[in-house]
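Visitor: Quick one: structure below, then a few questions.
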Ligand SMILES: Nc1ncnc2c1ncn2[C@@H]1O[C@H](COP(=O)(O)OP(=O)(O)OP(=O)(O)O)[C@@H](O)[C@H]1O
Ligand SMILES: [Mg+2]
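Residue numbers (the working numbering): 0 to 607.
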């Protein structure tokens, strides 16, 4: 840039901002006081005005609002750009939270840096005077000027309320970093207590304020204060394999134990929840014990100081291992064996259908199942006698003759039901789940169902039986004793590897299960059923189920998966780079979407 140009700029420092802006077609604040007079009483120290002779930015200030083409806010789109002087270039990064005191009003705008760019100096010269304000010799990199584009999130009022973005910052306003925990809490609209999930973070690092103060992130959990606990509008924990889903899930579930929830349906009774955990990798019994290698004492103290819970739940936890012929559970040292009684097929015929039957075949199977249970005395409601029923040619002939069941259909059903591994799955011993229900569904308890010792068919039957019992008891007035029992407590149902069980329905059976689940999820708030679905394949979880989930905790994942899991757009590109412990929380009823850093240790035992 020519010296003459620079000289001209220096002279320009005495310009009248309002006039200049008017000339540029930019709306200015009422009156002609300029920014300074109004800004000072509100934000002394940072509200340096355009008329200030000292243009140096303070330590927390990063730049001034610029106008490249237009400065605007609207109901859907915003364009707020900030000129970043050279001296601040090292300090700004995409994702950071910033505040712009409006000056002409008392509110502050809260935003994050969405984009950083370099622009040809000339392009900026035409529209804005902002470079002058920061003094020309600081611009550097002669030809280019750095701009930050902001995404405004909210407005903070002086009396500590959070509003939607409704007032525009004036050109040249100072932009600074967030300065206090309170600003972050208000700007992001964070709950001040609840289930602890981690610390508000930017680019992997917790935001820290004076005295190393971090900002804890909680999920609303107290109906008395804030409407419904968000656990009952369901939680998804998704991320690529090995990114720490189970670690996060255990830390999160541990926080839930001991919470108290009001039961809307039962005259406002207050109860502690029963956690039921579907555990395909035999990892969750670790919730019983303290970590094998404890974290440093300070870490535990820090966690407790923000209301986080630490340590195993002890005897509140019980492991229930399903029995399957020829297989043995060898995980936790203490466990209770149980079996799925065939009588549950009366309520849930898909338990013996598997994935192999088409719609017509499934309808015929339902009919046969219904007739079997009607004809058969209760003591014979076993897989064995159903087998005999299906093998009874005379009996089956009636169906064929009447045309109720086609011969080929019967063949398919027989192949599926008789030759499958069901013989070793149903009715295995003395502890049917329908009698064990009092041990499983207890107040203030954790019931863990490991399944990796089972065959894949065994796992399917066991998991679907448990899911179906809970979903039914929480949607209709189930007349069985287990149904009434389940209805009595708040139930938090956590399903790890959920994509295996709530799949995108392509068979009739899957559709039925998903429908049941969507119905249960929809009424979760009223009936106190909270789902925590954990998956590395959200794309394989049925949309109907996903759409019922209001809180998404997203760990490292590919962009396509991020989109499918409902990640906010501005995080989708960054999520693949998220290492263990970094996550995005998207929970519209809880806060603005944001990044948090989870604990780098598990609060209970994880791994052997
Ligand atoms: N935030 C963290 N800090 C330190 N270590 C972690 C963190 N998160 C997870 N780990 C460790 O990384 C390993 C994998 O974590 P975890 O089992 O939770 O992953 P996952 O996503 O559930 O994996 P998978 O897809 O196999 O189920 C574990 O040993 C766990 O202890
Ligand atoms: Mg896992």
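Virtual Cβ for every residue (Gly too), placed ideally from N, Cα, C.
Given the structure is predicted, the values throughout are model-derived calculations rather than measurements.
Can you tell me which of 359, 478, 321 puts its alpha carbon nearest to the alpha carbon of residue 424?
Guide: Numbered from its first residue, the chain shown carries residue 424 at position 425. Comparing Cα positions, the closest option is 321.
Visitor: Compute the Euclidean distance between the alpha carbons of residue 113 and residue 148, then round it to the nearest angstrom.
Guide: Along the chain shown, read from residue 1 onward, the residue named residue 113 stands at position 114. Along the chain shown, read from residue 1 onward, the residue named residue 148 stands at position 149. Looking at the two C-alpha atoms, the distance is approximately 6 Å.
Visitor: Output yes or no for whether 9 Å exceeds the beta carbon distance between residue 172 and residue 257.
Guide: Within the chain shown, the letter at position 173 stands for residue 172. Within the chain shown, the letter at position 258 stands for residue 257. No. Outside cutoff.
Visitor: Inspect the beta-carbon positions of residue 442 and residue 308 and report whether they are closer than 9 Å.
Guide: As a working note, residue 442 is residue 443 in the chain shown. As a working note, residue 308 is residue 309 in the chain shown. For residue 442 and residue 308, no; Cβs fall outside 9 Å.
Visitor: Since residue 221 contacts residue 192 with CB under 8 Å, what's their CB separation in whole angstroms?
Guide: Residue numbering aside, residue 221 sits at position 222 when the chain shown is read from its first letter. Residue numbering aside, residue 192 sits at position 193 when the chain shown is read from its first letter. The Cβ separation is near 7 Å, so the contact holds.
Visitor: Alpha carbon to alpha carbon, how far is residue 363 from residue 404? Give it in angstroms, no decimals.
Guide: By 1-based counting over the chain shown, the position of residue 404 is 405. By 1-based counting over the chain shown, the position of residue 363 is 364. Between residue 404 and residue 363, the C-alpha separation is close to 6 Å.
Visitor: Does the Cβ of residue 600 have 16 or more other Cβ atoms within 10 Å, making it buried, or fewer, making it exposed?
Guide: In the chain shown, counting from the first residue as 1, residue 600 sits at position 601. Buried.
Visitor: Which same chain residues end up closer than 7 Å to residue 451 when comparing Cβ atoms and leaving out the 5 residues on each side of it in sequence?
Guide: Looking up residue 451 in the chain shown gives position 452. These residues qualify, in order along the chain: 279, 280, 281.
Visitor: In terms of residue numbering, what span does the beta strand (DSSP E) encompassing residue 388 cover?
Guide: Position 389 of the chain shown, counting from 1, holds the residue named residue 388. That residue, residue 388, is in no beta strand (DSSP E); its alpha helix (DSSP H) goes 382–390.
Visitor: As an exercise, report each continuous beta strand (DSSP E) stretch of at least 3 residues that is fully enclosed by the stretch 405–449, in chain order.
Guide: Whole beta strand (DSSP E) segments, 3+ residues: 444–449.
Visitor: Is the beta carbon of residue 245 within less than 8 Å of some heavy atom of ligand 1?
Guide: Position 246 of the chain shown, counted from the start, is the residue given in the question as residue 245. Yes.
Visitor: Do residue 554 and residue 94 have their C-beta atoms within less than 9 Å of each other?
Guide: Counted from its first residue, the chain shown places residue 554 at position 555. Counted from its first residue, the chain shown places residue 94 at position 95. No, the pair does not count as a contact, with Cβ atoms beyond the cut-off.
Visitor: Quick check on residue 153: does DSSP put it in helix, strand or coil?
Guide: Against the chain shown, residue 153 aligns to sequence position 154. Strand.
Visitor: Given this structure, state the Cα-to-Cα distance separating residue 588 from residue 371, to the nearest angstrom.
Guide: One-based indexing of the chain shown puts residue 588 at position 589. One-based indexing of the chain shown puts residue 371 at position 372. If I take the Cα positions, the gap works out to 48 Å.
Visitor: Since residue 113 is in the beta strand (DSSP E), which residue starts that stretch and which ends it?
Guide: Reading the chain shown from its first residue, position 114 is the one you call residue 113. That run of the beta strand (DSSP E) goes 107–119.
Visitor: Here's the rule I'm using: 16 or more other beta-carbon atoms within 10 Å means buried, otherwise exposed. How should residue 186 be labelled?
Guide: If you number the chain shown from 1, residue 186 lands on position 187. Classification of residue 186: buried, given that the 10 Å Cβ count is 16 or more.
Visitor: Nearest to residue 275 by alpha carbon, out of 559, 493, 521?
Guide: To locate residue 275, count along the chain shown from 1; it is residue 276. Checking every option, the nearest Cα to that of residue 275 belongs to 493.
Visitor: How many whole angstroms separate the CB atoms of residue 469 and residue 448, which I take to be in contact at a CB cut-off of 8 Å?
Guide: Here residue 469 refers to the residue found at position 470 of the chain shown. Here residue 448 refers to the residue found at position 449 of the chain shown. Contact flag wrong, Cβ pair sits at about 11 Å.
Visitor: Which partner residues of residue 62 appear in the DSSP bridge assignment?
Guide: As a first step, residue 62 is located in the chain shown; it is residue number 63 there, counting from the start. Residue 62 pairs with 174.
Visitor: When you compare the CB positions of residue 72 and residue 175, do they come within less than 9 Å of one another, or not?
Guide: What you label residue 72 is simply residue 73 of the chain shown in a count that begins at 1. What you label residue 175 is simply residue 176 of the chain shown in a count that begins at 1. No, these two residues do not count as a Cβ contact at 9 Å.
Visitor: Tell me the rounded alpha-carbon separation between residue 454 and residue 349.
Guide: Working through the chain shown from its first residue, we reach residue 454 at position 455. Working through the chain shown from its first residue, we reach residue 349 at position 350. Each residue's alpha carbon lies about 17 Å from the other.
Visitor: At which residues does the beta strand (DSSP E) containing residue 529 begin and terminate?
Guide: Numbered from 1 along the chain shown, position 530 holds the residue referred to as residue 529. Run containing residue 529: 528–534, per the beta strand (DSSP E) assignment.
Visitor: Provide the residue span of the alpha helix (DSSP H) that contains residue 336, from first to last.
Guide: As a working note, residue 336 is residue 337 in the chain shown. That residue, residue 336, is in no alpha helix (DSSP H); its beta strand (DSSP E) goes 335–337.
Visitor: When the Cα atoms are used, what is the spatial distance from residue 457 to residue 505?
Guide: Counting from one through the chain shown, the residue named residue 457 turns up at place 458. Counting from one through the chain shown, the residue named residue 505 turns up at place 506. Those two C-alpha atoms are separated by around 20 Å.
Visitor: Are there 16 or more other CB atoms within 10 angstroms of the CB of residue 314, so buried, or fewer, so exposed?
Guide: Residue numbering aside, residue 314 sits at position 315 when the chain shown is read from its first letter. By the 10 Å Cβ count, residue 314 comes out exposed.
Visitor: Is the stretch 229–246 touching the stretch 545–554, taking contact as three or more C-beta pairs under 8 Å?
Guide: They touch, by the three-pair rule.
Visitor: Out of 295, 368, 602, which one is the CA nearest neighbour of residue 409?
Guide: Taking the chain shown and counting its residues from 1, the one referred to as residue 409 is at position 410. Closest option to residue 409, Cα to Cα, is 368.
Visitor: Taking 8 Å as the line, does the beta carbon of residue 533 fall inside it for any heavy atom of ligand 2?
Guide: Numbered from its first residue, the chain shown carries residue 533 at position 534. It does: the Cβ of residue 533 is within 8 Å (strictly closer) of some heavy atom of ligand 2.
Visitor: So for residue 582, helix, strand or coil by DSSP?
Guide: Position 583 of the chain shown, counted from the start, is the residue given in the question as residue 582. The answer is strand: DSSP assigns residue 582 an E or B state.
Visitor: Could you check what DSSP says for residue 317 in three-state terms: helix, strand or coil?
Guide: Your numbering for residue 317 matches position 318 in the chain shown. It is a strand residue.
Visitor: Return the CA-CA distance between residue 543 and residue 517, expressed in angstroms with no decimal places.
Guide: As a first step, residue 543 must be located in the chain shown, where it is residue number 544. As a first step, residue 517 must be located in the chain shown, where it is residue number 518. If you take the alpha carbons of residue 543 and residue 517, they lie about 6 Å apart.
Visitor: Can you give the Cα-Cα distance for residue 74 and residue 347, rounded to whole angstroms?
Guide: Against the chain shown, residue 74 aligns to sequence position 75. Against the chain shown, residue 347 aligns to sequence position 348. Approximately 49 Å, taken between the alpha carbons.
Visitor: Ligand 1 and residue 282: does the residue's C-beta get closer than 8 Å to at least one heavy atom of that ligand?
Guide: Mapped onto the chain shown, residue 282 falls at position 283. Yes, ligand 1 has a heavy atom inside 8 Å of this Cβ.
Visitor: DSSP beta-bridge partners for residue 276?
Guide: Numbered from 1 along the chain shown, position 277 holds the residue referred to as residue 276. Per DSSP, 447, 493.
Visitor: What three-state label does DSSP hand residue 488 in the structure shown?
Guide: Here residue 488 is taken as the residue at index 489 of the chain shown, counted from 1. Residue state, collapsed to three classes: coil.
Visitor: Pick out whichever of 111, 463, 105, 417 has its Cα sitting closest to the Cα of residue 96.
Guide: Your numbering for residue 96 matches position 97 in the chain shown. Here the closest residue by C-alpha is 111.
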